[in-house]
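One structure is given below, encoded as structure tokens.
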Amino acid sequence: MIYHSTRSKALTATGLEAVLKGIAPDGGLYMPERFPLLPPEAICGLDALGIAKKVLAAYFDELDAREISAVADTAYIGRFETGDLTPLVRLNDSYALELFRGPTQAFKDVALSVLPHLMAAARKKLNMEKEMLILAATSGDTGKAALSGFCDVPGTRVAVFYPYGGVSAIQRLQMTTQEGRNVAVCAVRGNFDDAQTGVKAIFASEAAQKRLNSLGFTASSANSINIGRLVPQIAYYYKAYSDLVKSGAIPIGAQVDFAVPTGNFGDILAGYFAKRMGLPVGKLICASNSNDVLTEFFRTGRYDRRRAFFKTASPSMDILISSNLERLLYLVCGENTARYMERLKNEGFYDVSADELAALKSEFFPARCGEEEYASAIRRVFVENGYLCDTHTAVAFHALWQYHAAVKSGAPAVVLCTASPFKFPAAVLRALEGDAPEDEFEAIARLERATGVTAPRALTSLKEAPQRHKDVVNLEEMESYILRKAEQTAW
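Numbering (the numbering used here), first residue to last: 64 to 554.
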């Protein structure tokens, strides 16, 4: 399989090269030259691990079946709470796909458990001797999942940047208490978009890349701009579909709608990839919080980051520049994509054509959920179903209800549940009871008592864990910070 940049078909790479590079030389994102076909008949009856292997093999055909199995087995076996990795839970009027049963209690674990071992396989296959320096910006969950996935993996170091004051207390502690001889964590004064812009600038800096190379490093990304992050996420759409068929809820070939909490657009884009591969995906419901730049885009055709930024109770979605949207634009807008990205960079906005907007609307339904509405959604889901969800998942439930009010689909609907509610205990508790203690661990204990749901030990144990990472930098200092770290023989 050949991959090329969203901004120039002339810039190509093999799948494994694209994984190691992370981002194309012109700043574009790598896209496959075609979508491999994987009809639902090919995966129904397989377990979660078997489905994951099918999806990985479809995109990374340089690896043989034994190598693919080694990547998936090492990534998943013994690391998730449940053998089926992403359980599908039936509610009264929909289904909840639990993507938070991995080691860091967030959906990012599904992909970031795979990426380190996929990179290791790629390094071996391509005879790469240089050490990988993995850079990631996080709005909350990617950071810990990347740190956990890459921790002490030979031949790699990983540095994570997060917005100072822009993640939940539990998310911050998950990162700052991370052990490992090859990990670094640093707060950035600014929001997630600032951190993400800074990471992209490091990749684009010839001076930085030259210096890193001289120090024996090749830089790559752990964000979903890396195709190796995006592909593993396709598997859980197939897994949800297989579970529905297995339970008798649908026959093979029936369409299924998916509601997805959306920030950087990677999670929902994986669903669109699955559809292009032959999975009968109906409507993809794009759920935004108060930072509703995507809602506006899908409704009007204008993407405009020149707007107020809100810190919300769903911080992983507090994003105004949704990087993975570029891949969707490439599929719909073709050569116009590079021009749109240049205009976004220079002017802060772009407009797609009427035909392009119509094509986007045919696949995606946009919806917005404000702060009062997410709290109401948490209460409603718990009261009506006895199901406790986090703040991001609540945004998706609210979006699904908006979709059902507007469209009588008739198709089963799956909500992608993105994080454990105990990662945001105070916000969830306030939604249920009206108030919450300031201390997050007191909030966890009270939330357990109020709901009868037990918090994961991996979160409650953070209270005693020592904080190992305390660095804070300004946006313009990110490059020099990384270069200083690269000069150190050990972290």
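No residue lacks a Cβ here, since even glycine has one placed at the ideal position from N, Cα and C.
Going straight from the alpha carbon of residue i to that of residue j, what length do you get?
i, j, result
"I65", "A120", "14 Å"
"D330", "L293", "8 Å"
"R547", "R531", "18 Å"
"R274", "Y544", "13 Å"
"Q465", "F428", "10 Å"
"D414", "G90", "20 Å"
"V262", "V395", "27 Å"
"L522", "V230", "15 Å"
"F487", "T205", "15 Å"
"K117", "I106", "8 Å"
"L74", "A208", "30 Å"
"A128", "A81", "20 Å"
"G433", "K471", "24 Å"
"M94", "D124", "15 Å"
"I441", "L495", "7 Å"
"R319", "K526", "Just to set this straight, residue 319 is Val in the shown sequence, not Arg. If you take the alpha carbons of V319 and K526, they lie about 41 Å apart."
"S283", "T363", "34 Å"
"A572", "S439", "Any question about residue 572 goes unanswered here, given that the chain covers just 64 to 554."
"Q241", "V344", "38 Å"
"R97", "A87", "18 Å"
"K533", "E539", "18 Å"
"A115", "T149", "11 Å"
"D355", "I384", "11 Å"
"L189", "D136", "21 Å"
"E359", "M404", "17 Å"
"T219", "A285", "12 Å"
"L83", "T77", "10 Å"
"A371", "K424", "25 Å"
"F504", "Q237", "13 Å"
"G449", "A474", "23 Å"
"S310", "R153", "10 Å"
Would residue i and residue j be called neighbours here (beta carbons separated by less than 7 Å)?
i, j, result
"I348", "A322", "yes"
"A430", "A350", "yes"
"S157", "V491", "no"
"V444", "C452", "yes"
"Q168", "S483", "yes"
"T4", "S353", "The first residue shown for the chain is 64 and the last is 554, placing residue 4 beyond what the model contains."
"Y225", "T201", "yes"
"S386", "I288", "yes"
"A258", "V223", "no"
"Y300", "P103", "no"
"F328", "D367", "no"
"E447", "N155", "yes"
"T576", "E410", "The structure shown does not extend to residue 576, since the chain is modelled only from 64 through 554, so no value can be given for it."
"F255", "I131", "no"
"H461", "S379", "no"
"D306", "L151", "yes"
"L101", "G291", "no"
"L162", "C480", "yes"
"A506", "A518", "no"
"Y227", "V536", "no"
"A271", "E542", "yes"
Please name the residue or residues paired with residue i in a DSSP beta bridge.
i, result
"G68", "At residue 68 the sequence reads Ser, which differs from the Gly that was named. Its beta-bridge partners are S71, Y93."
"L198", "A222, S284"
"T358", "Answer by DSSP bridge pairing: none, since T358 is not bridged."
"T77", "I65"
"R186", "BP columns for R186 are empty, so no partner."
"R370", "In DSSP, R370 forms no bridge with anything."
"Y413", "Y366"
"F428", "I348"
"V477", "Y158, F321"
"L451", "Paired residue(s): none; L451 is not in a bridge."
"A482", "A169"
"V152", "A159"
(request) Please confirm if the segment 180-187 is in contact with the segment 494-514, defined as three or more CB-CB distances below 8 Å between the two stretches. (result) no
(request) Scan the segment 230-286 and note each continuous alpha helix (DSSP H) run of 4 residues or more that stays entirely inside, going in chain order. (result) 232-239, 255-267, 269-277
(request) Indicate whether the contact test is met: 3 or more Cβ pairs, each with one atom in the segment 279-287 and one in the segment 194-209, closer than 8 Å. (result) yes
(request) Say whether the segment 255-269 touches the segment 295-313, bearing in mind that this needs 3 or more beta-carbon pairs closer than 8 Å, one atom from each stretch. (result) In short, these stretches do not touch, since the Cβ pair count stays below three.
(message) Contact between the segment 209-226 and the segment 236-251 is defined here as three or more beta-carbon pairs at a separation below 8 Å; is this criterion met?
(response) Verdict: yes, contact present.
(request) Count the CB pairs spanning the segment 403-420 and the segment 108-119 that are closer than 8 Å, and state whether there are at least three. (result) Because the criterion of three Cβ pairs below 8 Å is not met, the segment 403-420 and the segment 108-119 do not touch.
(request) Taking 8 Å as the threshold, find out whether the segment 159-177 comes into contact with the segment 250-257 through three or more Cβ pairs. (result) no
(request) Ignoring anything shorter than 3 residues or poking outside the segment 293-353, list the beta strand (DSSP E) runs there in chain order. (result) 319-324, 344-351
(message) Three or more C-beta pairs under 8 Å: does that hold for the segment 328-342 against the segment 137-157?
(response) no
(message) For a minimum of 3 consecutive residues, which ranges assigned as the beta strand (DSSP E) are wholly contained in the segment 483-539?
(response) 534-537
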